[in-house]
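Everything below concerns the one structure shown next.
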Amino acid sequence: MLPSDQFAALADETRCALIDLLRERPRAVHELAAAFAISRPAISRHLRVLKEAGLIGEERDGRENVYSLKRHRLRQLSTWLEQFGPARKVTEKPPEEAQAEFDL
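Residue numbers (the working numbering): 121 to 224.
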């Protein structure tokens, strides 16, 4: 799984909120859907994106699908980011100096 696939999956507020809910414990799809003001099919599409990115797992429990966070995948993503150094190095500079490093 490429980090770009995982970042693309996380580039959505609803999917990030789903990750936050799953951080607490595994949850059934109906429980996840109840936390949002969008349809259950829309939640299922968001869950599919996260699953395809390898960030969550899915198990069948009776008639329900239960989703859980794949913490090791998030740790791998964090480790990949750490190779570029701590983020605070950029924020130690005044905003105008930090921005100058990114201007072409």
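Where a beta carbon is used, it is the ideal one built from N, C-alpha and C, also for glycine.
Cα-Cα, which of the options is closest to residue i?
i    : options                : result
L167 : D132, Q203, F204, G205 : D132
L170 : A162, I139, L197       : I139
E144 : A129, W200, I176, P161 : I176
How would you label residue i, buried or exposed, when you count the other beta carbons within 10 angstroms and need 16 or more for buried?
i    : result
S163 : Strictly speaking, residue 163 in this sequence is Ile, with Ser absent from that position. Flag for I163 reads buried.
R135 : buried
R165 : exposed
R180 : exposed
L201 : exposed
In terms of DSSP beta bridges, what is residue i paired with?
i    : result
I176 : L189
A131 : According to DSSP, A131 bridges with nothing at all.
R147 : Y187
D181 : E184
For residue i, which residues of its own chain have a beta-carbon under 7 Å away from its beta-carbon, when the five flanking residues on both sides are left out?
i    : result
L197 : P123, Q126
Excluding five sequence neighbours on each side, which residues of the same chain lie with their C-beta closer than 8 Å to the C-beta of residue i?
i    : result
A129 : R135, V169, L170, E172, A173, L175
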